[in-house]
Amino acid sequence: MAERDSRLLVADDNKVNRLLLARSLELQGHRVSSAENGKVALEMLRREPFDLLLLDVEMPELDGFQVLEQLASDKRLRDLPVLVTSSLEGVANIARCIELGADDYLHKPVNPVLLKARIDSSLEKKRLRDQQKELIRRFATSEVAEDMAQSGFALGGRRVVASVMFCDIRGFTALVEAQPPEETIELLNTWYTLMFDAISGAGGVVNQMIGDGLMAVFGAPLPLPDAPLGAVRAACEMIEMIELLNFERAAQRKTPLAVGIGIATGEMIAGYTGTQARATYTCIGDAVNLAARLEQHTKAAARAILIDGDTAASLGGSIALEAIGEVQLKGKAAPVAVHAVKAGQIFDA
Amino acid sequence: MNIDRNAFAELQSTAGTEFVAELVDTFVEDAPRMLAELRDAQAAGAADRFRRAAHSLKSNASTFGASRLAALARELELGGIPADALPIGALQSEFERAAAALKDLARG
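Note that the protein sequences, when read in sequence, are chains F and H.
Residue 290 in our numbering is what sits at position 117 of the first sequence, and the numbering runs on without skipping anything.
Residue 65 in our numbering is what sits at position 22 of the second sequence, and the numbering runs on without skipping anything.
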């Protein structure tokens, strides 16, 4: 069922037509606005959200055909359902409207029963389309979905400055061996839920889940002000969440969970890699490798959160840090400055 | 009577009697502008404007069931600019008849 109370826009230059159509739609329970020509209609559509457009063809300023063309080339409006209402004669005009993307064509004077059926069907289709978008959002994170909706899907990357986080469960293998698989799955789901909440709450995007670990990006695909601070805040929140989880696990006589988190900031290439059929959003660059190495180093450093010098410098003293000094990390030619975040020092506990 | 009473009654039942009375007033106020536009377009030889004005009149006339007015407007819409003033004159007279009849019907 298409829900009532949808927002509809009627575009018609003829006052009688406009009033009558608006009236019929209001009687069907919809909220209706009117525009007296195509230009005004487009302005309104770009300013406010509408669920459906009823479009006349013969109009001054911009006619119905031109409105359809502009809608098709507007990324935010190309999915808007459009019903053309006109008393234009000739199949060619109807065909042209449909080709230009109109859902349907209703001949004026519009039969109210037919109008209701067409509107309900178009709104239902829109609802399904919105649902589909929601699904994509769920599986691809809202930022990636938005980026995809705005710029379309294309393999390849662009240069961004962002903060990357790697997080891993320590001693996971031992944990898996000590408990039934069902319990491991449950633990992983709980862990992922907590980590996702902390990361997205701070503006980050989890773009990879690797068994007992994850990679998150702050500042891509969409820019994020204070990305390094967001990443460090998320890390602190994650450690707090793990503490709470461990409290529960202790009550159930289960072994506590320990995690290591590495964060690095810098320029990287972000984009979709894979094939046209299956691709993933990822980031590639020195900072990404560095974040992964820092996460691995948390064990040797006996610290829960390690960050690189660029991330530390961007925090502006807002977070208590402990300088670990220059560390020679695996895969790095020169030693790098490493800092530990003081709030997250449960690693030893 | 040049009005399809069934069509008019159906309009009243779907849109509401009071609303239709207001809509008739709107039409009676608005239509002289379209008739003037027809004359202007004829004088200027502007075929597109002429067709559009005839189209609007036709569309409104059929909304109210003013069948003869709609038929005359349709002839102008499809036939293009006429050679003399007669067809628009006939349309004007038919509009006046239809307007009076519609007002009567709308008041019940």
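Glycine included, each C-beta is placed from N, C-alpha and C at the ideal position.
At what residue ranges does the region 188-223 of chain F contain a whole run of the beta strand (DSSP E), taking only runs of 3 or more? 204-208
Residues of chain H with CB closer than 9 Å to the CB of K281(F), please, in chain order. Simply S102, S105 and T106.
What is the DSSP secondary structure of G504(F), counted as helix, strand or coil? coil
Within 9 Å (strictly less), CB to CB, does G59(H) reach chain F? yes
Residue range of the beta strand (DSSP E) that M388(F) falls in? G386 to F391
Quick one: does V205(F) have its CB under 9 Å from some CB of chain H? no
Would you mind reading off the limits of the alpha helix (DSSP H) that contains E139(H)? L129 to R150
Examine chain F for any beta-carbon lying closer than 9 Å to the beta-carbon of E80(H), and answer yes or no. no
Identify every run of the alpha helix (DSSP H) within the region 63-99 of chain H, keeping only runs that are complete inside it and at least 4 residues long; order them along the chain. none
To the nearest angstrom, how far is the alpha carbon of L192(F) from that of Q304(F)? 33 Å
Counting C-beta neighbours from all protein chains within 10 Å, is the total for S99(H) 16 or more, i.e. buried, or is it exposed? Buried, because 16 or more other Cβ atoms sit within 10 Å of the Cβ of S99(H).
Taking 7 Å as the limit between beta carbons, can you name the residues of its chain near P401(F), skipping five residues before and five after? S336, T438, T484, S487 and L488
Using a Cβ-Cβ distance cut-off of 9 Å, determine whether F51(H) contacts chain F. Output row for F51(H): interface = no.
Helix, strand or coil for L360(F)? Go by DSSP, reduced to three states. helix
Among the candidates L227(F), Q239(F) and T446(F), whose CA atom is the shortest distance from the CA of V183(F)? L227(F)
Report the rounded CA-to-CA distance for D178(F) versus G377(F), giving the unit in angstroms. 35 Å
Three-pair Cβ contact test at 8 Å for the region 487-505 of chain F versus the region 74-81 of chain H: Result no; under three Cβ-Cβ pairs closer than 8 Å.
Taking C-beta to C-beta, are E408(F) and C340(F) nearer than 9 Å? The question names Glu, but residue 408(F) in the sequence shown is Ala. Yes.
With a threshold of 8 Å, are at least 3 pairs of Cβ atoms found where one atom belongs to the region 131-138 of chain H and the other to the region 108-119 of chain H? yes
Pick helix, strand or coil for Q381(F), following the three-state DSSP scheme. strand
Between G444(F), E499(F) and T346(F), which has its C-alpha nearest L431(F)'s C-alpha? Checking the sequence, you will find Ala at residue 431(F) rather than Leu. Ranking G444(F), E499(F) and T346(F) by Cα distance to A431(F) puts T346(F) first.
Check each residue of the region 237-270 of chain F: if its Cβ is closer than 9 Å to any Cβ of chain H, include it; give the result in chain order. S259, S260, L261 and E262
Nearest candidate by alpha-carbon position, reference I412(F), set H470(F), R466(F) and I342(F): The residue with the shortest Cα to Cα distance from I412(F) is I342(F).
Between the CA atoms of R332(F) and L387(F) - distance to the nearest angstrom: 22 Å
Report the option in K101(H), T60(H) and F107(H) whose CA atom is closest to the CA atom of E262(F). Across the set K101(H), T60(H) and F107(H), the C-alpha of K101(H) shows the shortest separation from the C-alpha of E262(F).
Just the Cα atoms here: how many angstroms apart are Q243(F) and E297(F)? 24 Å
Using the beta-carbon count (16 or more within 10 Å), is Q85(H) buried or exposed? Counting of Cβ neighbours within 10 angstroms places Q85(H) among the buried residues, the total reaching 16 or more.
With DSSP as the reference, please indicate the residues paired to R332(F) in a beta bridge. I442(F)
Contact list for the region 181-207 of chain F against chain H, Cβ threshold 8 Å: Result list: D186, N187, K188, V189, N190, L192, L193, R196, S197 and L200.
If distances are taken between C-alpha atoms only, which option among L215(F), L361(F) and G498(F) comes closest to I415(F)? L361(F)
So S99(H) contacts chain F; which residues on that side make the cut at Cβ distance below 7 Å? N187
Taking DSSP's pairing of strands, which residues face M338(F) in a bridge? A389(F) and I436(F)
For the alpha helix (DSSP H) containing A184(F), name the first residue and the last one. Segment R180 to A184 is the beta strand (DSSP E) holding A184(F); no alpha helix (DSSP H) there.
Own chain, CB closer than 7 Å to Q55(H), minus 5 neighbours either side, in chain order: V63
Would you grab the beta carbon distance between P282(F) and T57(H) for me? Rounded to a whole angstrom, and I think it's under 8 Å. About 11 Å separates the two Cβ atoms, so there is no contact after all.
In terms of residue numbering, what span does the beta strand (DSSP E) encompassing T471(F) cover? Looking at the DSSP string, T471(F) is not in any beta strand (DSSP E); the run it does join, the alpha helix (DSSP H), is D459 to A474.
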